[in-house]
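Participant:
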Amino acid sequence: MNYKPYENFFATQLFSIFFIIIFVFALYFFFRFSSFSYYQMISGVVFSKNRVVVLLTSKELSWFYRNKNVLIDGEKKSFVIDTVYRDYMKQKKKTYHQVVLQISLSDYAENDSILLGIQPQKKSFSFLFFNIWKGG
Numbered sequence: 032m033n034y035k036p037y038e039n040f041f042a043t044q045l046f047s048i049f050f051i052i053i054f055v056f057a058l059y060f061f062f063r064f065s066s067f068s069y070y071q072m073i074s075g076v077v078f079s080k081n082r083v084v085v086l087l088t089s090k091e092l093s094w095f096y097r098n099k100n101v102l103i104d105g106e107k108k109s110f111v112i113d114t115v116y117r118d119y120m121k122q123k124k125k126t127y128h129q130v131v132l133q134i135s136l137s138d139y140a141e142n143d144s145i146l147l148g149i150q151p152q153k154k155s156f157s158f159l160f161f162n163i164w165k166g167g
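Spelled out as structure tokens, the structure:
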């Protein structure tokens with residue numbers, strides 16, 4: 032039988048299947064290898080003009096050793112760990128450490144409360160998706 036060109040859909044079907052396969056692979060690689068910044072907020076007190084005091088667990092202290100920047104009021108600012116007083120306080124079977132950070136602050140006075148955002152690690156898109164899916 033002779034088919035007219037508009038009656039032959041084999042090329043269209045082949046192109047559609049090829050496009051769907053490429054699209055699925057692209058989505059897989061996007062979800063697998065994309066990562067987003069995730070910040071944990073920690074409260075502290077401004078001790079003097081350029082010093083902030085925070086109480087941290089051992090896990091949070093390791094985050095500060097791994098990072099060079101903190102997030103303050105939506106801005107990344109570099110910091111230096113000035114002093115660490117280990118085993119400063121024990122409460123409910125948790126040990127807290129007092130850490131003094133040197134951060135250049137201009138908008139805060141002494142004894143002001145401040146929120147510091149620290150990045151524990153980058154989270155993948157799939158982790159964030161399933162965490163939201165669970166409801167947490």
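Numbering (our numbering), first residue to last: 32 to 167. Each residue gets a CB set at the ideal place from its N, CA and C atoms; glycine is no exception. Please read all numbers here as calculations on a predicted model, not as lab measurements.
If the criterion is Cβ atoms closer than 9 Å, does the pair Val115 and Val130 meet it?
Facilitator: Against a cut-off of 9 Å, the Cβ pair of Val130 and Val115 comes out as a contact.
Participant: Can you tell me the Cα-Cα spacing of Lys14 and Leu132, whole angstroms?
Facilitator: With the chain running from 32 to 167 in the structure shown, residue 14 is simply not present.
Participant: Rounded to a whole number of angstroms, what is the C-alpha to C-alpha distance between Val85 and Ile149?
Facilitator: Those two C-alpha atoms are separated by around 12 Å.
Participant: Taking the alpha helix (DSSP H) that Glu91 falls in, what are its first and last residues?
Facilitator: 89 to 97 is the span of the alpha helix (DSSP H), which, as asked, contains Glu91.
Participant: Give me the residue from Ser79, Thr88, Val111 with the minimum Cα distance to Glu141.
Facilitator: The shortest C-alpha separation from Glu141 is found at Ser79.
Participant: Whose C-alpha, out of Lys90, Leu87, Leu147, Ser93, is nearest the C-alpha of Glu106?
Facilitator: With distances taken between Cα atoms, Glu106 lies closest to Leu147.
Participant: Can you pull the DSSP bridge partners for Glu106?
Facilitator: For Glu106, which the question treats as bridged, DSSP gives the partners Ile103.
Participant: In angstroms, rounded to a whole number, what distance separates the CA positions of Gly166 and Leu159?
Facilitator: If I take the Cα positions, the gap works out to 11 Å.
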